[in-house]
Structure formats: structure tokens, C-alpha cells
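*Asks:* Respectively, the protein sequence lines represent chains A and B.
Just remember that this note's numbering sits 741 ahead of the position in the first sequence, which is counted from 1.
Just remember that this note's numbering sits 741 ahead of the position in the second sequence, which is counted from 1.
Take this structure first; my questions come after.
Protein chains: 2
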Amino acid sequence: MPLPENHPLETGQTRDSALLRSYRGEYVTARPVWFMRQAGRSLPEYRALRADIPMLQACLEPELVTEITLQPVRRHGVDAAILFSDIVIPALLAGVEVEIVPGRGPVFAHPVRTRADVHALPDLDPQALDVIRRAVALTVAALGTTPLIAFAGAPFTLASYLVEGGPSKDQLRARTMMRADPQTWDALARWCARVSGAFLRAQVESGASAAQVFDSWAGSLDRETWRRHAAPHTARTIAALDGLAVPRVHFGLGTAGVYDLLPDLGADVIGVDWRTPLDLAHERAPRVPLQGNIDPAVLGADWPAVADHVHDVLRRGAAAPGHVVNLGHGVPPSTDPDVLTRIVELVHATEVRG
Amino acid sequence: MPLPENHPLETGQTRDSALLRSYRGEYVTARPVWFMRQAGRSLPEYRALRADIPMLQACLEPELVTEITLQPVRRHGVDAAILFSDIVIPALLAGVEVEIVPGRGPVFAHPVRTRADVHALPDLDPQALDVIRRAVALTVAALGTTPLIAFAGAPFTLASYLVEGGPSKDQLRARTMMRADPQTWDALARWCARVSGAFLRAQVESGASAAQVFDSWAGSLDRETWRRHAAPHTARTIAALDGLAVPRVHFGLGTAGVYDLLPDLGADVIGVDWRTPLDLAHERAPRVPLQGNIDPAVLGADWPAVADHVHDVLRRGAAAPGHVVNLGHGVPPSTDPDVLTRIVELVHATEVRG
């Protein structure tokens, strides 16, 4: 099943945007730039809008999602929007009880720790995704020629929240399940891949021009464990997009040790965290465009230090077949948004040496 | 100033223990084994003893420290004890207001964020360390031929707690200080190196036969930032032991990218977290003995899975010039202590192929 006729990549609306060109490894005159968590607490207009609305509720109100998703595009002039959502949304839409506790993160009413718990997980009714489809359609219509990136969590990260019942320092319970009861782990991760994959596919079918899978906690696994117990499920999530010709981006924290394996999972682009210089990432995965990796810690420094660091990132990224500028992690809530706007201007004003 | 005459390494009491021999890269018939956080919540006898006593208070009562430090030696038959303490103890003894909040970690009354904050940090009065000297002397006397390992936090980890005012996911404030105000960072990290170094030296002078520096959060730094803003301070902490002929162990989480640099900082032994197979760690730092790295996540699996994994760790560690078996991180509080005892028996019963 190909992209619908009115999809922005089919109509040509976003096809030649700097983001899409760079994700495909084609030449651009100025590098595209966007920021993970660009829609969020660093923006006063976001804080005003979200004041009385719980996070997950906000993710399920299409008009609100559209407005929040667009705020950073308007303010910073970034080259992409990413759907305002949360990695637990597909679980919530399947009927799993979860809330986001401010300052803590997602908390599940019933942690999933046994085979029976996994079997009791509800299937995701495709119609439950209609609210996401509406949000995406509205957002894409409002964005015009700016591409929207679809968003989902990787199975390991989503599953580790489910097993722990909430955030954890090192995902110990999930990692123990892999070792102690690999079949239950496998069943749980498959469920996560199904719901996250369906969530991602719904966004792309409804108009997203690219897709990014976030594996925030993959860095807590050694390479062999990741390869055996996490990677196949990430590949399943990505494969949910089969037939839909959009670039697929993989981002994880602490995943430098597996960059060489990501293209085989279906990742067309690798998002790099702040700890791996882009030239080194390029050595490890020489054939794919890279995305990243301004250190969020530099955003609190004075402008000359920021500019120096951004130039360094641009220089190191130049060798890759394509380079989409981003942070090496999400925008910290304390960030002065004007710094982000200046970074966009700087990146756009910096000539690309071909 | 050499070790005192009555030091266990001088009297010969611990000199030929399997731990010391392995730390020096000498042949042993059975590999030594101990566990990070072996003294702690996994033991019912520890929980009983600590029931009404706050963590930091427990660290400052010599008889209690001795008893807690000895508990795992008695129960498991491990080859080393490590002083029961906390990385914030030297700051507390200097007069910094801090408490350990259960379930959260160290919380400082006054975060250290400005140059004035750093200048206001009190010096550590050498006499304040007398309580530690007494605790070590008592412990060493009770241990007999089992060596005691001295314990301190690396400056980056201690400083990041001070800057954040408590635990944090990614040490963002500390990392921002490095970028935004490197001089203040440097002054703070030097203070941390001074107090941690004095803390470590007091333990060794009082009878510890080896020393281990914990850099729990170093993995949040890229290699270049670590090299510039963290490594020199770690080297200063280790250099506080100059003249005292004890092996120095470095342990950090996510530090595989800098193993090659650790020997130059004065580390004689590298502690390896669960994510880097020991054979790979050995390739990166071929000249030093290694310590590690059973995945704590395996401890919740059934015994055959545990034993398989331990055998794999032993096999991978065999190429290093010395191998002290340990976990790749601290003992999780939920661990069944009998599993640890069985691991000790297994390691001791496994022949070392020369």
C-alpha cells in the first residue's frame, strides 16, 4: 500500500524540502535543522497552553496537538515539525492505564511483569488511532511545505517503562526479564512493536513525511543483548512502515556501539547523541545521513561558546552523506528559546561545502 | 611518606591475597571475587542494623561501619571488603550540608552553582577524617587477612551532585557549567579532588590495601569533554595516594570509550561495567588487570542462566593480565543474597587456565 495521493510527498509539497533532501543524502544549499523536544517547556507559549491540561490529555486533542507542534516552527523557523506526542500514547490508546507524573515521567497503574500480565495487554483497535490521524492531518495542512516527522518509541524503551511501571535508572527489571524469562520478554516487546508500529504508520499515512523511532534507553544494554532482545523488535516497528516511502530515522542514547547495525534494521538515518562526534559516527555507519548532535549542555553558555560548538558540529557532520542538524538529546526545559532561534539562523547562514 | 609499618601490606597480612596478586597481575590459582555494594540492602542483617539509622549517620559510626563492611565477607566468603561509606562523606565532613533521601539519593541544602558558591565551600579539616581512620583501623583489625578496599567518588560525579543539588538524569547543570563557566567548574572539581583525595588517603594510611575511585556519571560526557574537564581531576584524586604503594582501581559507568586513557591517570586496574565484554575492554587497555563484570540483571534469573553468564565472564576475562571478578554495577537491593554466595563458590571452584 503506497502513500495516499494527497500525501505531501506525493503532491510534492515536502518532497524537495531541505529535510527530505538531506534524509535522502541529496545536496542542499543550507543544512536543515530542527530540535528534539522543540515543542515543549522551553517555550512560554507552550507553557501557557498546557497550563491546566495534563500531558497525555494534550496529546489526544487534535487542535492542541497541531498548535503545540507548530509553535516552534513559527518561532524558530526550523525545517521540520515533529508530532507532539509521547511514547506511551499507543499503549494508552490500546487501553493501558498510564499517566505522566510531572517531574517523574510515565507511571503505569499495573506494571507488566509476568506472562499473564503480557497476555492481558489489550490489542490496539485501529480506530483508536483516529484521533492521531486527525491530529496529523490538521497539522500537515497547517504546516504547508514544512515536513512533519512521525514519532514513536522503540519497543525496548516502551517495554522497559511497562515492566518497571515507570521510569528507572537502568531498566534493571526489564533487563532481568530478558535474562530470566526471555519468552515473556519477547511477547511483551512484540506487543510494543505492534502498537508503536501501528502508531507510526497511522502518522505517516495521514501525512507525515518522515518517521523517527526513539530508543531512549537502549544504551543500558550491551551490544549482544541489544542485538538479541531489542534490535529485532525495533526492526518490526520500522517494518510497520513497509510500502510507505518515507525516510526512517533511529535515535537512541548511548547507542554508538551499534550504529553499524542500524541500517540493517531499516534505519535510513542515524540520530547521534551528544557523546559521539559526528565524524566518528560517520566512520561507524559510513553510508547513511546523520542527524545531530549539538550538546544540550552548551545552550546555557554565552553565544560565542554556542556558535563555536555549532560550527564544530557542522564541520564534523560534513563528511556524512547528509546532515540534519539537531541537538544530541531533547531541548532542556530551562533553555532560553532565543538561543535556539539563533542556532537556526547560524546553521542556515553557514555555507555547505560540497 | 610510605605506608605505616603496621599496615597490612607491610606486615604481609594481605600482600599475597588473591585480590592483591590479581591487582598486580600475578598468577592466582582461583580468581578473587567481590561485589560492588556487597554491603547493603540485599542483606537482611544489613537492613536489620540500619533500620533506624540514617545512611550518612551510619557511615560515621566506626563500630557500625566495621560491622556492615564485614557482613558480606562473613556471609559470602568474598575476597575483599570495601569500606561502607558514601561518596558525599568527604563533603559532609568538610561541613557541607547534605542528606541521603531514601529512594532518591544525596540531596544538598545549597547547590553549588556560582563562583561565589565554590569559594564558600569549606576546607576539609584533616582531623575531621579521624572518624574514618578509626572506622578503617577497626575494620582492618577485624578482617585479618582479607584486604580492605578504600572508597571515594571521582570529582566529576561528586561535583555533579553538588551542582545539581541532588541526583539528575544526565548531569546537565554540571555539564553546562563546564561549557558556560569552565573556571568555576575547574575550581569546584579541584575542591572535590582535594576532599575525595584526602578521604581516600586517610583510608589507605589507616590500613586499606587497595583503593577504588567511583565515577558513576562519567558516561554522560563525550570523550573530549571528559578528557578536558573530568580526567585531570580524577588524576588529582588518585595522585593523593602518591607514595602509598597500593593498587588503584577506576570504575565508571559508560566509560568504555576512555579505557585507553585511564592508565595514564594513574589507574592500575580498570573496573568494567556490564555493557563492555571483558575481552573488548582488554583490547582497549591491554596492559592492566580488569575487574568485573557480571550483569546485575542476570541475578534475578534461574541458576543455570547465572552460571552460564558467570562462565562467559570468566572466559572473556582470561586474556587480561589479571581478573578480579565483580558485578558490572552495584548489587541491586532486590538481589537474593544466596545467589551471590553461589557465584563466589562457582568462581572459586573454577580453575584458572594459565
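All C-beta atoms, glycine included, are put in the ideal place defined by N, C-alpha and C.
The structure presented is a predicted model; accordingly, all values stated were derived computationally and were not measured.
Going by DSSP in three states, B/F992 sits in which element: helix, strand or coil?
*Replies:* Strand at B/F992.
*Asks:* Could you tell me whether the Cβ of B/D1077 comes closer than 7 Å to any Cβ of chain A?
*Replies:* Judged by the 7 Å Cβ criterion, B/D1077 is not in contact with chain A.
*Asks:* Taking the Cβ atom as the reference point for each residue, do B/F825 and B/I809 lie within a distance shorter than 7 Å?
*Replies:* Yes, the pair counts as a contact, with Cβ atoms nearer than the cut-off.
*Asks:* Report back the beta-carbon spacing between B/A934 and B/R977 to the nearest angstrom; my notes put them in contact at under 8 Å.
*Replies:* Confirmed, about 4 Å.
*Asks:* What are the residues in the stretch 1036-1070 of chain B lying within 8 Å of chain A by C-beta distance?
*Replies:* Taking 8 Å as the Cβ-Cβ cut-off against chain A, the residues of the stretch 1036-1070 of chain B that qualify are D1036, P1037, A1038, V1039, L1040, G1041, A1042, D1043, A1046, H1050, H1070.
*Asks:* Of the choices A/E1086, A/V1093, A/T1091, A/R1094, whose alpha-carbon is the least far from that of A/G818?
*Replies:* Selected option, being the one with the closest Cα: A/E1086.
*Asks:* Return no unless some Cβ of chain A is closer than 7 Å to the Cβ of B/P843.
*Replies:* By this cut-off, B/P843 is not an interface position.
*Asks:* Strictly below 8 Å CB to CB, what residues from chain A border B/T917?
*Replies:* Here the neighbours are A1038, V1039, L1040, G1041, A1042.
*Asks:* Is B/M796 buried or exposed, if buried means 16 or more other CB atoms sit within 10 Å of its CB?
*Replies:* Under this definition B/M796 is a buried residue.
*Asks:* Since B/R989 and B/I979 are thought to touch, with beta carbons under 8 Å apart, how far apart are those beta carbons, to the nearest angstrom?
*Replies:* That belief holds up - the Cβ atoms of B/R989 and B/I979 are roughly 5 Å apart, short of 8 Å.
*Asks:* List, from N- to C-terminal side, the beta strand (DSSP E) runs of 3 residues or more that fit wholly inside the stretch 920-961 of chain B.
*Replies:* Within the stretch 920-961 of chain B, the complete beta strand (DSSP E) runs of at least 3 residues are 951-956.
*Asks:* Quick one: which unbroken alpha helix (DSSP H) runs of 4-plus residues sit fully inside the stretch 779-814 of chain B? Chain order, please.
*Replies:* Runs found: 785-791, 796-799.
*Asks:* Any chance the stretch 862-882 of chain A sits against the stretch 915-923 of chain A, with 3 or more Cβ pairs inside 8 Å?
*Replies:* Short answer: they don't touch.
*Asks:* Please return the same chain residues whose Cβ sits closer than 8 Å to the Cβ of A/Q924, not counting the five positions on each side in sequence.
*Replies:* Closer than 8 Å at the Cβ level, and outside the excluded window around A/Q924, lie R856.
*Asks:* If you draw a straight line from the alpha carbon of A/L994 to that of A/I830, how long is it in whole angstroms?
*Replies:* If you take the alpha carbons of A/L994 and A/I830, they lie about 21 Å apart.
*Asks:* Can you name the residues of chain A whose CB is closer than 8 Å to the CB of B/Q1015?
*Replies:* Residue 1015 of chain B is actually Trp in this sequence, not Gln. Chain A residues near B/W1015: D963.
*Asks:* Using the three-state DSSP reduction, which class does B/F897 fall into: helix, strand or coil?
*Replies:* Helix.
*Asks:* What's the C-alpha gap between B/I1084 and B/V1065?
*Replies:* Spanning the two alpha carbons is a distance of roughly 13 Å.
*Asks:* Which residues in chain B sit within 8 Å of A/G995, going by Cβ to Cβ distance?
*Replies:* Neighbours of A/G995 on chain B, chain order: G960, G995.
*Asks:* Is DSSP giving A/E751 helix, strand or coil here?
*Replies:* Residue state, collapsed to three classes: helix.
*Asks:* Whole angstroms are fine: how far does the CA of B/V1093 sit from the CA of B/D820?
*Replies:* Rounded to the nearest angstrom, the two C-alpha atoms are 16 Å apart.
*Asks:* Do you know how far the Cα of B/V872 is from the Cα of A/W776?
*Replies:* A small fix is needed here, since residue 776 of chain A is Phe in this sequence, not Trp. Rounded to the nearest angstrom, the two C-alpha atoms are 51 Å apart.
*Asks:* Looking only at DSSP bridge pairs, what is B/E701 linked to?
*Replies:* Residue 701 of chain B lies beyond the stretch modelled for chain B, which goes from 742 to 1095, so this question has no answer here.
*Asks:* Mind checking B/R1028: buried by the 16 CB within 10 Å criterion, or exposed?
*Replies:* Answer is exposed; the Cβ neighbour count stays below 16.
*Asks:* Measure the C-alpha to C-alpha separation of B/P773 and B/E767 and round it to an integer number of angstroms.
*Replies:* Near 12 Å, if we compare the C-alpha coordinates of B/E767 and B/P773.
*Asks:* Just the C-alpha distance for B/P745 and B/P1018, rounded to the nearest angstrom, thanks.
*Replies:* Approximately 38 Å, taken between the alpha carbons.
*Asks:* List the residues of chain A whose Cβ lies closer than 7 Å to the Cβ of B/A882, in chain order.
*Replies:* The premise fails here: B/A882 is roughly 36 Å from chain A at the closest Cβ pair, so nothing lies under 7 Å.
*Asks:* Does DSSP put A/H1070 in a helix, in a strand, or in coil?
*Replies:* DSSP places A/H1070 in coil when its eight states are reduced to three.
*Asks:* Got a sec: is the Cβ-Cβ distance from A/P888 to anything in chain B below 7 Å?
*Replies:* No - not a single Cβ of chain B is within 7 Å of the one on A/P888.
*Asks:* State the start and end residues of the unbroken alpha helix (DSSP H) segment that holds A/V1010.
*Replies:* Taken as a continuous stretch (DSSP letters only), A/V1010 belongs to no alpha helix (DSSP H), being part of the beta strand (DSSP E) at 1010-1012.
*Asks:* Grouping DSSP H, G and I as helix and E and B as strand, with all else coil, what is B/I890?
*Replies:* Strand, per DSSP.
*Asks:* Okay, do the stretch 758-765 of chain B and the stretch 1076-1083 of chain A touch, 3+ Cβ pairs below 8 Å being the bar?
*Replies:* No, because fewer than three Cβ pairs between the stretch 758-765 of chain B and the stretch 1076-1083 of chain A fall closer than 8 Å, the two stretches do not touch.
*Asks:* By the 10 Å Cβ neighbour count, where 16 or more other Cβ atoms means buried, how is B/I794 classified, buried or exposed?
*Replies:* Classification of B/I794: exposed, given that the 10 Å Cβ count is below 16.
*Asks:* Distance, Cα to Cα, B/E804 vs A/V839?
*Replies:* Those two C-alpha atoms are separated by around 46 Å.
*Asks:* For the pair the stretch 951-969 of chain B and the stretch 906-916 of chain B, tell me if three or more CB-CB distances fall below 8 Å.
*Replies:* Touching, per the Cβ criterion.
*Asks:* Indicate whether A/A893 and A/F940 have their beta-carbon atoms separated by less than 7 Å.
*Replies:* Closer than 7 Å, so yes.
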